[in-house]
Amino acid sequence: MTDPISSETHGDIRIIWSDNPPVNAISAAVRQGLVREIEAAESDDAVNAVVIACKGRTFFAGADITEFGKPPIMPWLPEVVDRIEACTKPVVAAIHGTALGGGCEIALGCHYRVALPSAKMGFPEVNLGLLPGAGGTQRAPRVGGVELALQMATTGKPISAQQAYDHGLVDRLIEGDLLQHAVAFAEEVKDIRPLPKSSERQDKVDGVDPSVFEDYKKANAKLFRGDIAPQANLDCIKAATEMPYDKGVMVERTKFMELMSGPQARARQYFFFAERKAAKIDGVDESVEPREIKRVGVIGAGTMGGGISMNFLSAGIPVTIVEMNQDALDRGTGIMLKNYQSTAKKGRMTEEQVGQAMGLLKPSLNFEDLGECDLIIEAVYENMDVKKEIFTRLDGIAKPGAILASNTSYLDVNEIASVTSRPQDVLGLHFFSPANIMKLLEVVRGDKTADDVLVTAMALAKKIRKVAVVAGVCYGFIGNRMLIPRQLQAEKLLLEGATPEQVDRVHVAFGMPMGPFQMADLAGVDIGWHRDPSRIDSIRDALCAIDRWGQKKGAGFYDYDENRRPSPSEKVQAIIDDFAAKKGVEKRDISDQEIVERTLYTMVNEGAKILEEGKAQRASDVDVVWVYGYGWPVYRGGPMHWADAEGLDKIVEGLKRQESRLGEDWSYSQLLLDKAEAGEKFTR
Ligand code: 3H9
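Heads up, the sequence shown is in my numbering, so the first residue is 793 and it goes up one at a time.
Listed below in structure tokens is the structure:
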């Protein structure tokens, strides 16, 4: 293995290079090399200052996550950072790309930091269930102040070089050649003594009012719900204001080790790789080239079509959007403009960027205009006949090689493809609502979808900043299919004596953003309803029949006030009681554990069926769908990882306990039974 660390000398300045692609992760060899080179520079009389810089696309992006959970190799990162800071000659970090985690900590261990304006600095450790464990929680508040450190460490979001400069985390922003300027900067500071050491600064941590921490927590309560890492980060930064540096790092070390050995960090680290694995398509050769997508067509300017279009416009890809009449077209494009403007108002986009994005939009009433598009996405309502008619028309209009996609959430993509003369060019692109915001994209691979069509979809997803997961054709694909048993059991539980509030409370306590009934009210209780008020086969039918369609009507499973605040509904309870009586279902006390077993264990069973039928490529893909599409708490890793952590034998036991209540259509996944029996797991 080649040594990732090397050095060269410019006059009396020693440059220590790291070249450890793809992201200069701080592996054992990097740590060893850095200490070796710092010591060499220190003992070389011809050297008066040192620059640490990285080759490739980024400064160090953090500790090497692949080493986590393996026997430690010396030196540890905290020792490396301390060794850099202890160097008797000034050390300058030259930052480009993203200085993240341990990379940011190395930068803070250096005496000075210079950065390109495009660079970013951050502490994403919280996303791995951790905290900056190489002195970061102690040095960052000392250099950048408590508020900035709290924000960086508890949100995990990187800050821009400009922000870093404004808060003193960066000493100079460099326009032009980073290395040349970093060397010149080192020349300027080489004789300054004493050396500025982050760990020795007290000015920003002395006299901090402890209420800052409680206030921050109150203002960011969502971050702290159920997730233990943000609190540990906050505790360490608080320690920086209460005790000297050497005591503070001991607190940091203890909390780091506690987090590292806990289930949340394991789940999050598993998920880090799950997310990246999702982009890989089994059985497709890496040499397959994506098709070129210069213009996208979208059919339908409703909520979905508009949201889908915005993804491409924001990424600089022109869109032709087609509607049936002028009113619908104007309404749709008007909403898109309004959405962009509200983003601009929040400061996340400039007016100029709004203009640029909308400038790429071509609204049209002429279906023939889709002939100029390389990818056409149909986003009309869920009806097979309508979809077939559209794809038949598209087949006659689209240019050869154009990709034809349906945004269907449930329907059979093979059947849709069958009406065209080019099923190899057809696939499903299932966006989640609101499509301009939700990160998940299910890429539905039809039986005949060509490899390069799939490769194009995955590459395009990355370009529009979606997390794409490949799904096979089945009712509801991965995500919505797993919702079905959950919804079924949740309704049954109501008949048997649970309330909507109880079921929702159990789900929220589990870490979901909302429970099944809150979700139904938000999305619309009427979605998928047969629209016949006289046909009442379920509680949902009964609610729809009396116009309780959810939040949009001010009433659903809950009552809503004018501020959309929910309260339990006596009317709904009466409907439930009436329905239960008619069906002869006896009421009893339902435990929270039963709710978990019937609504979450059954989802795991469905996930296992999806796997055994080959409708998902791997268990981790199922987890990615549920974390990004439905807000499954990432610190529980997703349903399949969570089931593994619980123990598959426990899941099967719970299902067996509930078996008599699960309904006539209930069946076990053989894969789940086999794995539980063999003591195996779905994920690693
Ligand atoms: C830490 O630092 C702890 C310390 O505080 C304390 C220690 C005591 N290690 O994301 P991409 C791989 S914790 C190993 O597709 P992008 C990644 O798996 C660390 N591997 O690229 C992928 O591999 P593959 C804190 C890593 O351009 C490839 O690199 N740091 C690491 O979209 C490309 O990644 C973080 O949490 C790593 N640290 O985004 C930063 N990082 O090609 C995590 C990436 O085989 N990383 N890989 O699938 C990121 O956020 C993004 O990778 C980054 C680039 C923004 C850097």
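We put the CB at the ideal spot given by N, CA and C, even for glycine.
These numbers come from a predicted model, not from an experiment.
Less than 7 Å between the CB of residue i and some heavy atom of ligand 1, yes or no?
| i | result |
| --- | --- |
| P933 | no |
| E897 | yes |
| I887 | no |
| I857 | yes |
| G925 | yes |
| N786 | Past the edges of the chain, shown from 793 to 1476, lies residue 786, and the structure says nothing about it. |
| V1076 | no |
| E1050 | no |
| L922 | yes |
| P863 | no |
| N919 | yes |
| T1046 | no |
| V1043 | no |
| V1259 | no |
| F1065 | yes |
| L908 | no |
| L869 | yes |
| G1488 | Residue 1488 falls outside the range modelled here, since the chain spans only 793 to 1476, and no answer is possible. |
| L892 | yes |
| R1068 | yes |
| P1022 | no |
| V815 | yes |
| T946 | no |
| A1437 | no |
| G854 | yes |
Among residues of its own chain, excluding the 5 on either side of residue i, which ones have a beta-carbon nearer than 8 Å to its beta-carbon?
| i | result |
| --- | --- |
| V1317 | R1332, L1335, C1336, R1340, W1341, G1342, G1348, F1349 |
| T1184 | V1211, T1212 |
| A821 | M793, D795, P796, I797, N812 |
| V839 | T801, D804, I805, R806, A833, K881 |
So, helix, strand or coil for residue i, using DSSP?
| i | result |
| --- | --- |
| K964 | The residue you asked about is not Lys; residue 964 is Arg in the sequence shown. The answer is strand: DSSP assigns R964 an E or B state. |
| V1172 | coil |
| K1407 | coil |
| I1402 | helix |
| M1306 | coil |
| T1112 | strand |
| G861 | coil |
| R1327 | coil |
| A1066 | helix |
| I797 | strand |
| A853 | coil |
| Y904 | strand |
| H1433 | helix |
| E831 | helix |
| L892 | strand |
| H973 | helix |
| K1154 | strand |
| G1342 | strand |
Which residues mark the beginning and the end of the alpha helix (DSSP H) in which residue i is found?
| i | result |
| --- | --- |
| D1351 | Premise fails: D1351 lies in the beta strand (DSSP E), 1350 to 1352, not in any alpha helix (DSSP H). |
| T1046 | 1037 to 1052 |
| Y957 | 953 to 958 |
| F1371 | 1362 to 1375 |
| A1227 | Run containing A1227: none; DSSP gives neither H nor E here. |
Once the 5 residues before and after residue i are set aside, which same chain residues still bring their CB inside 6 Å of it?
| i | result |
| --- | --- |
| S798 | W809 |
| S1101 | V1090, V1111, I1113 |
| G901 | V873, I876, E877 |
| P1431 | M1395, V1396, G1399, W1418 |
| T974 | Correcting the residue type first, residue 974 is Ala in the shown sequence and not Thr. Hits under 6 Å: V843, V884, A886, V906. |
| G1092 | A1171, V1172 |
| G1271 | V1417, G1421 |
| K1030 | F1005 |
| D1384 | V1298 |
If I follow the unbroken beta strand (DSSP E) through residue i, where does it start and stop?
| i | result |
| --- | --- |
| L1465 | Taken as a continuous stretch (DSSP letters only), L1465 belongs to no beta strand (DSSP E), being part of the alpha helix (DSSP H) at 1462 to 1470. |
| M1198 | Before going on, a small fix: residue 1198 reads as Ser here, not Met. Note, S1198: beta strand (DSSP E), 1195 to 1198. |
| G914 | 912 to 914 |
| A845 | 841 to 846 |
| L1129 | No beta strand (DSSP E) holds L1129; the alpha helix (DSSP H) holding it covers 1118 to 1137. |
Near residue i, what residues of its chain come up, given a Cβ to Cβ distance below 7 Å and the 5 sequence neighbours on each side ignored?
| i | result |
| --- | --- |
| M944 | G914, F915, A932, I951 |
| I1328 | A1334, A1337 |
| A1301 | none |
| G1446 | E1389, Y1393 |
| G936 | H959, G960, L961 |
| V1236 | V1205, L1219, G1220, H1222, A1263, V1265, F1269 |
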